[in-house]
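Protein chains: 2
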Amino acid sequence: MKKITFLFLISLFISSCNQQTDKVIDTISLSSEEKIDSTNIKTLFNSALTEGESYEWLRDLTQNIGSRLSGSPEAAKAVVWGERLMKEVGLDSVWLQPVMVPHWVRGEKEVATYTTNGTQKDVPICALGFSIATPKSGILAEVIEVKSLKEAEEMGEQLRGKIVFFNGAFDNTLINTFKAYGGCVGQRYSGARICGQFGAKAVIVRSMTNAIDDYPHTGTMSYGDIPKDQYTPTAAISSRAAEILSADLKKTPNLKFYFKQSCKTLPNAPSFNVVGEIRGSETPENVMVVGGHLDSWDLGEGAHDDGTGIVQSLEVAYLFKKNNIKPKNTLRIVFFMNEENGTRGAKKYAELAKLNKENHIGGLESDAGGHTPRGFSIDANLSNTKLLKSWKKLLSPYGLHDIDKGGSGADIGPLKDDHVTLVGYRPDSQRYFDYHHTSTDTFDKVNKRELELGSASMASIVYLMDKYLYNNTPVKP
Amino acid sequence: MKKITFLFLISLFISSCNQQTDKVIDTISLSSEEKIDSTNIKTLFNSALTEGESYEWLRDLTQNIGSRLSGSPEAAKAVVWGERLMKEVGLDSVWLQPVMVPHWVRGEKEVATYTTNGTQKDVPICALGFSIATPKSGILAEVIEVKSLKEAEEMGEQLRGKIVFFNGAFDNTLINTFKAYGGCVGQRYSGARICGQFGAKAVIVRSMTNAIDDYPHTGTMSYGDIPKDQYTPTAAISSRAAEILSADLKKTPNLKFYFKQSCKTLPNAPSFNVVGEIRGSETPENVMVVGGHLDSWDLGEGAHDDGTGIVQSLEVAYLFKKNNIKPKNTLRIVFFMNEENGTRGAKKYAELAKLNKENHIGGLESDAGGHTPRGFSIDANLSNTKLLKSWKKLLSPYGLHDIDKGGSGADIGPLKDDHVTLVGYRPDSQRYFDYHHTSTDTFDKVNKRELELGSASMASIVYLMDKYLYNNTPVKP
Chain A
51 MKKITFLFLI
61 SLFISSCNQQ
71 TDKVIDTISL
81 SSEEKIDSTN
91 IKTLFNSALT
101 EGESYEWLRD
111 LTQNIGSRLS
121 GSPEAAKAVV
131 WGERLMKEVG
141 LDSVWLQPVM
151 VPHWVRGEKE
161 VATYTTNGTQ
171 KDVPICALGF
181 SIATPKSGIL
191 AEVIEVKSLK
201 EAEEMGEQLR
211 GKIVFFNGAF
221 DNTLINTFKA
231 YGGCVGQRYS
241 GARICGQFGA
251 KAVIVRSMTN
261 AIDDYPHTGT
271 MSYGDIPKDQ
281 YTPTAAISSR
291 AAEILSADLK
301 KTPNLKFYFK
311 QSCKTLPNAP
321 SFNVVGEIRG
331 SETPENVMVV
341 GGHLDSWDLG
351 EGAHDDGTGI
361 VQSLEVAYLF
371 KKNNIKPKNT
381 LRIVFFMNEE
391 NGTRGAKKYA
401 ELAKLNKENH
411 IGGLESDAGG
421 HTPRGFSIDA
431 NLSNTKLLKS
441 WKKLLSPYGL
451 HDIDKGGSGA
461 DIGPLKDDHV
471 TLVGYRPDSQ
481 RYFDYHHTST
491 DTFDKVNKRE
501 LELGSASMAS
511 IVYLMDKYLY
521 NNTPVKP
Chain F
51 MKKITFLFLI
61 SLFISSCNQQ
71 TDKVIDTISL
81 SSEEKIDSTN
91 IKTLFNSALT
101 EGESYEWLRD
111 LTQNIGSRLS
121 GSPEAAKAVV
131 WGERLMKEVG
141 LDSVWLQPVM
151 VPHWVRGEKE
161 VATYTTNGTQ
171 KDVPICALGF
181 SIATPKSGIL
191 AEVIEVKSLK
201 EAEEMGEQLR
211 GKIVFFNGAF
221 DNTLINTFKA
231 YGGCVGQRYS
241 GARICGQFGA
251 KAVIVRSMTN
261 AIDDYPHTGT
271 MSYGDIPKDQ
281 YTPTAAISSR
291 AAEILSADLK
301 KTPNLKFYFK
311 QSCKTLPNAP
321 SFNVVGEIRG
331 SETPENVMVV
341 GGHLDSWDLG
351 EGAHDDGTGI
361 VQSLEVAYLF
371 KKNNIKPKNT
381 LRIVFFMNEE
391 NGTRGAKKYA
401 ELAKLNKENH
411 IGGLESDAGG
421 HTPRGFSIDA
431 NLSNTKLLKS
441 WKKLLSPYGL
451 HDIDKGGSGA
461 DIGPLKDDHV
471 TLVGYRPDSQ
481 RYFDYHHTST
491 DTFDKVNKRE
501 LELGSASMAS
511 IVYLMDKYLY
521 NNTPVKP
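If you read the protein sequences in the order shown, they are chains A and F.
Going letter by letter, the first sequence gives residues 51 to 527 in my numbering.
Going letter by letter, the second sequence gives residues 51 to 527 in my numbering.
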């Protein structure tokens, strides 16, 4: 009796979640074509989860090459790696698209410190991409704290001679962490441009993250078109250091902050997009592009940003080949170069597509991390948006509920045109900004199943786009 | 121009995910009551994400107390901790429910090894809960590999004198990892019972996980009602070790496996469920119970299993109080004892509820980890199931799409009755069995936002259940 009760309780535990996924798809409501689609999608998921290669590819890229900022030797190695891997997967043709990229280097590890109440505090800091260096002896100045670009602009001349400290934090009530990022990242991107005009000595920015921790997050900044003599060194400090500095400033408003960095921008360097394709079986002149970006920031290993997007994109082609699904249109995989600080690869790709009169009918980008799948974001005309949303019933059994209008991605964005259906893959965003642009964006943060589910999600929507956009999109004259 | 293009591309990146969450709820389609509900749910989420306490409570429980197997000194400390915390949160009354629990101890760290081709291989191993020890000198025997209980039963007498090695692996094509667990856990639970009857010398079981790694996963087993002289020592080995052993057995079928463990079952020990409640403002005689389990396995820190469920349950009451939401029915928080190896706390709670003629109208359990929210599983009558499913439009903006019929949980399961609406909280399951019952189930695996989103998800459905089941459920005569 006791045993039976206990087994009953164990089975209660196991019966959990059975409504979430692996639910029997209500095939009665599906048309005969949709039944075929449902079966093919299941095949793609089964294949990704049992014979996927993306996780080992990612291990190789992140651990044997590591971070790969545009212009770096590692970025060059990643290009060779990508070309070799595309050939190994057996794409019909693989080539490199030359592109000149910015070449910024961090130099020596940055140092930051200040003393308050007799205690010296070391501050985790990192230069922002494209920032200039400090003088060799560093910069020492009083700090003025602001929470937004607007507040800095209003302070105007009060910023002169100061280190301006942007401390606007993520709005944690936003469920989608990308929205919180969007509300803050202007400080990082434009802080130095604004403050330089008012004679600020330097700019430090609270790291772009929801977490309170000790890792500074780098990222790109721009001086815009202000004169060079108004350029100021700019860096990110960790979120915890920002909280502590803010508290210390309340007690000691005139404390002096010191930091030193030796970064610089070298002449543009040659690099490449890596491109490979499976030729379409029916209308090869129509192209569907799937990609992520091969470059990464120089901290960490570029795992979630965007190693996962790279290996998932290639796995789309791998899964098609492995399961003998022949795309009607040409399926092109692109490892874009230089998304992080210039998007030169994206621009080059779009420029060449136009020059060569290629007819892109669709694009899919994975550049939001490798976490558990949530859905897709659609940037397309009304009828194609409606078409893609109608696939929810086929995709929701895999946790893909969020299929709605929205942006796609920075690398495929330049292909935007009314007849092109652009899609962004959207995994769960909660952990993304814990790792984004930091030393902690490493392979161990990626879960194998979550990565593979992403590959399969992407392959599934590409399968559907290939099949239905083919009949749906007018060929461009 | 270049600047504008670049800003445009950055904004494309940021515009990602905007369809997933934080979408404007289509309030036109909501009734006036639903608009109030929508506002209150947003308040609960905002509060959890900005002033939640669950993460620090979990840090305290997992890092200052640690693992807390039933009967252990740590489990006793956790009871004191839970009672104190419930009082600090300001529940109207807090009390302990005495319950006798099994008391199994692991003893010394287990050892396992075998030699093949002249190479000695050490095997990560851990005894299963309720297993007997090996002789002090350990057990050395040939190994026979099977993939299921059925296969073992069919082998019958061939098992005599052997170490039976259950190597049935998770079906990784199942999207919901709990289903894969359900398909395998019988080997762990009943392997020794089956094999002991055929004179097997011992049983080793592949760990219950999707991952291939080096961590053995413990868990409960049962000898059922076989005679004591048929009891055999049983243990789990890591999934990687299982793969390697299986390969080695193909080459060397008669290799001898050695292991030693000194676990034992002591007399039952006194322990407690920790119970606290906010008295209902309108019908306090109706009870809504929210809980998780306070005990954990002895490896790791019991973070995802089930520290997260404990702190989320208490945070439901905390969020109600903090936001001045007064439950109409009595809201009772329970930290159940002994879910892992006996569910004695669950049985005691249900027994006392019956004895005291308490009218439970609903229950919610969190015991599936602290990962990002996905939905709820409903075990209720048809009309209440329909009612809860109708709340999808209010809950889906928070990623809670999966609201369907299914199991609830092992601790509230014994309250099942046609008029009681039982609900299981269902976070994403992909990473859960990476940590389940292992040394890696530690605080650092829990993401603060994911935990808080779970608390808010739970508080939201409790808010709705309290408001609508109140009018919907007949009071038991």
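Here a beta-carbon is modelled for each residue, glycine too, at the ideal position from N, C-alpha and C.
(request) To the nearest angstrom, report how far apart F/Thr-529 and F/Phe-322 are at their CA atoms. (result) This structure leaves residue 529 of chain F out entirely; chain F is present only between 51 and 527.
(request) Assign F/Asp-279 to one of two classes, buried (16 or more other C-beta atoms within 10 Å of its C-beta) or exposed (fewer than that). (result) For the purposes of this step, residue 279 of chain F is identified with residue 229 of the second sequence, where counting begins at 1. Answer is exposed; the Cβ neighbour count stays below 16.
(request) Please confirm if F/Pro-317 has its CB atom under 9 Å from at least one CB of chain A. (result) By one-based count along the second sequence, residue 317 of chain F stands at place 267. Chain A contact via Cβ: absent.
(request) Under 8 Å by Cβ, that's how I've got F/His-488 and F/His-267 pegged, so tell me the actual separation to the nearest angstrom. (result) Translated into positions along the second sequence, residue 488 of chain F becomes position 438. Translated into positions along the second sequence, residue 267 of chain F becomes position 217. Checking the sequence shown, residue 488 of chain F turns out to be Thr, not His. Confirmed, about 5 Å.
(request) Could you name the residues of chain A that F/Leu-519 contacts, counting a contact when the two beta carbons are closer than 8 Å? (result) What you label residue 519 of chain F is simply residue 469 of the second sequence in a count that begins at 1. Chain-ordered listing is empty here: chain A has no CB closer than 8 Å to the CB of F/Leu-519, the nearest sitting near 19 Å.
(request) Taking only beta-carbon positions, decide if F/His-153 is within less than 9 Å of chain A. (result) Here residue 153 of chain F refers to the residue found at position 103 when the second sequence is read from its first residue. So no, F/His-153 is outside the interface.
(message) Taking DSSP's pairing of strands, which residues face F/Pro-477 in a bridge?
(response) What you label residue 477 of chain F is simply residue 427 of the second sequence in a count that begins at 1. Beta-bridge annotation (DSSP): F/Pro-477 is paired with F/Pro-423.
(request) Assign A/Ser-510 to one of two classes, buried (16 or more other C-beta atoms within 10 Å of its C-beta) or exposed (fewer than that). (result) Locating residue 510 of chain A in the first sequence gives position 460, where the first residue counts as 1. Taking all protein chains shown into account, A/Ser-510 has 16 or more neighbouring C-beta atoms within 10 Å of its C-beta and is therefore buried.
(request) Starting from F/Phe-220, find everything on chain A with Cβ-Cβ shorter than 9 Å and list it in chain order. (result) The residue given as residue 220 of chain F occupies position 170 in the second sequence. Chain order gives no chain A residues near F/Phe-220, where near means a beta carbon separation below 9 Å; the closest approach is about 10 Å.
(request) For the segment 458-479 of chain F, enumerate the residues whose C-beta is nearer than 8 Å to any C-beta of chain A, in chain order. (result) Closer than 8 Å at the C-beta level to chain A, one finds these residues of the segment 458-479 of chain F: Ser-458, Gly-459, Ala-460, Gly-463, Pro-464, Gly-474, Arg-476, Asp-478, Ser-479.
(message) Once DSSP output is grouped into helix, strand and coil, what is the label at F/Cys-234?
(response) Residue numbering aside, residue 234 of chain F sits at position 184 when the second sequence is read from its first letter. When DSSP states are grouped into helix, strand and coil, F/Cys-234 belongs to the helix group.
(message) Tell me the DSSP secondary structure of F/Cys-533 in three-state form.
(response) The question about residue 533 of chain F has no answer here: the residues shown for chain F are numbered 51 through 527.
(request) Output the residue ranges of the alpha helix (DSSP H) runs that lie fully inside the segment 93-159 of chain F and measure 4 residues or longer, sorted by chain position. (result) As far as the segment 93-159 of chain F is concerned, its whole alpha helix (DSSP H) runs of at least 4 residues are 104-109, 123-139.
(message) Going by DSSP in three states, F/Met-338 sits in which element: helix, strand or coil?
(response) Mapped onto the second sequence, residue 338 of chain F falls at position 288. Here DSSP, grouped into helix, strand and coil, assigns F/Met-338 to strand.
(request) Measure the alpha-carbon distance for A/Leu-141 versus A/Val-324 and round it to whole angstroms. (result) As a first step, residue 141 of chain A is located in the first sequence; it is residue number 91 there, counting from the start. As a first step, residue 324 of chain A is located in the first sequence; it is residue number 274 there, counting from the start. Cα to Cα, A/Leu-141 sits roughly 12 Å from A/Val-324.
(message) Assuming A/Ile-383 and A/Gly-449 are in contact, meaning their beta carbons sit under 8 Å apart, how far apart are those beta carbons, in whole angstroms?
(response) Here residue 383 of chain A refers to the residue found at position 333 when the first sequence is read from its first residue. Here residue 449 of chain A refers to the residue found at position 399 when the first sequence is read from its first residue. With a Cβ gap of about 24 Å, A/Ile-383 and A/Gly-449 do not count as contacting.
(message) With three or more beta-carbon pairs closer than 8 Å as the criterion, would you say the segment 175-193 of chain F touches the segment 244-256 of chain F?
(response) For the pair of segments examined, the segment 175-193 of chain F was found to touch the segment 244-256 of chain F: the number of CB pairs separated by less than 8 Å reaches three.
(message) Can you give me the C-alpha to C-alpha distance between A/Gly-246 and A/Met-271, rounded to a whole angstrom?
(response) The residue you call residue 246 of chain A lines up with position 196 of the first sequence. The residue you call residue 271 of chain A lines up with position 221 of the first sequence. About 13 Å.
(request) Quick one: grab the DSSP three-state call for A/Gly-412. (result) The residue labelled residue 412 of chain A in the question sits at position 362 within the first sequence. Here A/Gly-412 sits in strand by DSSP.
(request) Compare the C-alpha of F/Gly-274 against each of F/Gly-392, F/Trp-107, F/Glu-408 and name the closest. (result) For the purposes of this step, residue 274 of chain F is taken as residue 224 along the second sequence, with counting starting at 1. Looking at the Cα atoms, F/Gly-392 is the closest of the given residues.
(message) Does the structure place the segment 292-306 of chain A close enough to the segment 340-347 of chain A that three or more beta carbon pairs sit under 8 Å?
(response) The segment 340-347 of chain A is not in contact with the segment 292-306 of chain A.
(request) Can you say whether A/Asp-467 is buried or exposed, counting buried as having 16 or more other CB atoms within 10 angstroms of its CB? (result) Translated into the one-based positions of the first sequence, residue 467 of chain A becomes position 417. Burial call: exposed.
(message) Using the three-state DSSP reduction, which class does F/Ile-91 fall into: helix, strand or coil?
(response) Along the second sequence, read from residue 1 onward, the residue named residue 91 of chain F stands at position 41. If DSSP states are grouped into helix, strand and coil, F/Ile-91 belongs with the helices.
(request) Pick helix, strand or coil for A/Thr-55, following the three-state DSSP scheme. (result) To locate residue 55 of chain A, count along the first sequence from 1; it is residue 5. Bear in mind that a pLDDT of 47 at A/Thr-55, under 50, signals an unreliable position, so the model cannot answer this.
(request) Below 7 Å CB to CB, which residues in the same chain sit around A/Val-496 once its five sequence neighbours on both sides are set aside? (result) In the first sequence, residue 496 of chain A corresponds to position 446, counting from 1. In chain order, Leu-108, Ala-353, His-354, Thr-358, Gly-420 place their CB closer than 7 Å to the CB of A/Val-496, counting only its own chain and leaving out the 5 sequence neighbours on each side.
(request) Rounded to whole angstroms, what's the CA-CA distance from A/Phe-56 to F/Arg-238? Just pull it up for me. (result) Taking the first sequence and counting its residues from 1, the one referred to as residue 56 of chain A is at position 6. Taking the second sequence and counting its residues from 1, the one referred to as residue 238 of chain F is at position 188. Low confidence applies here, because A/Phe-56 scores a pLDDT of 48, under 50, leaving its location unreliable; read the following figure in that light. Straight-line spacing of the CA atoms in A/Phe-56 and F/Arg-238 works out to 14 Å.
(request) Could you please give me the residues that DSSP links to F/Arg-256 through a beta bridge? (result) Position 206 of the second sequence holds residue 256 of chain F. Paired residue(s): F/Ile-287.
(request) Specify the secondary structure class of F/Val-173 as computed by DSSP and reduced to three states. (result) On the second sequence, residue 173 of chain F is found 123 positions in, with the first residue counted as 1. The three-state secondary structure of F/Val-173, taken from DSSP, is coil.
(message) Would the segment 221-230 of chain A count as touching the segment 89-101 of chain F if we require 3 or more Cβ pairs under 8 Å?
(response) The count of Cβ pairs closer than 8 Å, one atom from the segment 221-230 of chain A and one from the segment 89-101 of chain F, reaches three, so the stretches are in contact.
(message) Does A/Phe-385 come out as helix, strand or coil in the three-state DSSP assignment?
(response) Residue 385 of chain A sits at position 335 when you count from the first residue of the first sequence. Strand at A/Phe-385.
(request) Can you give me the Cβ contacts of A/Tyr-485 inside the same chain, cut-off strictly under 6 Å, excluding the 5 residues immediately before and after it? (result) If you number the first sequence from 1, residue 485 of chain A lands on position 435. So the list reads His-354, Asp-491, Lys-495, once near-sequence residues are dropped.
(request) State the Cα-Cα distance for the pair F/Lys-397 and A/Tyr-105, rounded to the nearest angstrom. (result) Sequence index remark: in the second sequence, residue 397 of chain F carries index 347 (1-based). Sequence index remark: in the first sequence, residue 105 of chain A carries index 55 (1-based). Distance between the alpha carbons of F/Lys-397 and A/Tyr-105 is about 44 Å.
(request) Compute the beta-carbon to beta-carbon distance between A/Trp-154 and A/Gly-116, rounded to the nearest angstrom, for a pair I have assumed lies under 8 Å. (result) Here residue 154 of chain A refers to the residue found at position 104 of the first sequence. Here residue 116 of chain A refers to the residue found at position 66 of the first sequence. Under the criterion of beta carbons closer than 8 Å, A/Trp-154 and A/Gly-116 do not qualify as touching, at roughly 17 Å.
(message) Using only the alpha-carbon positions, how far apart do F/Ala-230 and F/Gln-147 sit?
(response) The count along the second sequence starts at 1 and reaches residue 230 of chain F at position 180. The count along the second sequence starts at 1 and reaches residue 147 of chain F at position 97. Those two C-alpha atoms are separated by around 35 Å.
(request) Enumerate in chain order the residues of its own chain whose CB-to-CB distance from F/Ala-261 is below 8 Å, with the five nearest sequence positions on each side excluded. (result) Mapped onto the second sequence, residue 261 of chain F falls at position 211. Ser-289, Phe-483, Asp-484, listed in sequence order.
(request) Mind listing the chain A neighbours of F/His-451? Cutoff is C-beta to C-beta under 7 Å, in chain order. (result) Here residue 451 of chain F refers to the residue found at position 401 of the second sequence. Under the 7 Å cutoff, chain A gives His-451.
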